[in-house]
Amino acid sequence: MKYEVILFDADDTLFDYSLAEAHALKSVFLEFQVDLLQSHIELYRSVNQQLWNDFEKGEITLDFLRHERFRKLFAEVKVELDAVHFSERYVHYLGEGSFLIEGSDVLIQQVLHNGHRIAIITNGIKQTQHSRIGRSALAHSFEHIIVSEDTGFSKPQTGIFDFAFEKLNLINKSNVLMVGDSLTSDIQGGINYGIDTCWYNPKRKPNRTSINPTYEIHHLNELLQLL
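For the sequence shown, counting from 1, position 41 maps to 47 in the numbering used here; every step adds exactly one.
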């Protein structure tokens with residue numbers, strides 16, 4: 007066994023964030039009796055991604071991100087709604103979205119069967135992430151679910167990995183693997199901490215960064231060959 011412990015990202019690695027997001031947007035716009043257009047979804051996703059990028063770089067807080075994405079959206083589409091209240095309801099609905107990436111349940115079962123220890127390290131809102139994961143078929147699979155908001159750090163900061171190693175009572179970095187879909191948070195975070203990394207890249211996006219993962223896979227079941 008090359009890696010005793012596997013640290014998984016959650017969103018778009020094991021859990022389908024796009025489906026959860028679509029469910030939450032549809033539900034919250036319906037609750038507030040506002041028509042949800044495709045252009046609203048596209049604009050929201052663009053604004054949200056930029057704010058998450060800023061959060062990863064430590065430029066903004068999570069609380070600011072939660073509300074600012076809707077303030078910007080409402081300003082652009084000329085809708086007068088309370089962004090703070092809207093955000094709270096959105097987070098509630100997002101927490102219901104426990105959709106799995108195809109094949110993730112089979113992968114996790116096999117990884118556990120093979121004797122590996124597994125945990126989740128995810129950037130996000132603790133209320134949302136614990137709810138989504140807790141409602142899923144994978145709820146009881148992980149030794150620990152480590153959410154950035156619980157730790158005071160976010161990937162790619164080393165602090166969140168320090169937190170994970172302490173929770174898991176780990177010392178040896180050479181038998182730990184970080185698996186995730188984001189080069190800038192998951193892979194860069196693993197590199198910063200000195201552990202091996204596996205980039206899950208199902209859409210085969212070209213890597214135009216200087217971030218070099220230890221491995222790259224395009225299907226989740228390919229991970230088993232690396233462990």
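Virtual Cβ for every residue (Gly too), placed ideally from N, Cα, C.
Option in the options with minimal Cα separation from residue i
i: Lys32; options: Tyr23, Leu43 and Val153; result: Leu43
i: Arg210; options: Asn218, Lys8 and His224; result: His224
i: Asp156; options: Ala145, Ser45, Pro212 and Phe169; result: Phe169
i: Pro212; options: Val90, Asp88, Thr67 and Ser188; result: Ser188
i: Arg77; options: Glu65, His91 and Gly64; result: His91
Element boundaries [beta strand (DSSP E), containing residue i]
i: Leu183; result: Val182 to Gly186
Coil, strand or helix - residue i by DSSP
i: Tyr199; result: helix
i: Phe14; result: strand
i: Tyr9; result: coil
i: Asn227; result: helix
i: Glu37; result: helix
i: Glu86; result: coil
i: Ile217; result: coil
i: Leu31; result: helix
For residue i, the residue or residues it bridges with in DSSP
i: Thr19; result: Per DSSP, none; premise fails for Thr19.
i: Trp205; result: Gly186 and Glu222
i: Leu106; result: Phe21
Extent of the continuous alpha helix (DSSP H) run through residue i
i: Thr164; result: Thr164 to Lys173
i: Asp69; result: Leu68 to Val83
i: Asp192; result: Where Asp192 is concerned, there is no enclosing alpha helix (DSSP H), given that its DSSP letter is neither H nor E.
i: Glu48; result: Gln44 to Glu62
i: Glu94; result: Ala89 to Leu100
Min CB distance residue i to chain C below 9 Å
i: Val11; result: Judged by its chain identifiers, the structure shown contains no chain C, having just a single protein chain.
Unbroken stretches of the alpha helix (DSSP H), 4 residues or longer, contained in the stretch 116-157: The stretch 116-157 contains these whole alpha helix (DSSP H) runs: 132-141 and 154-157.
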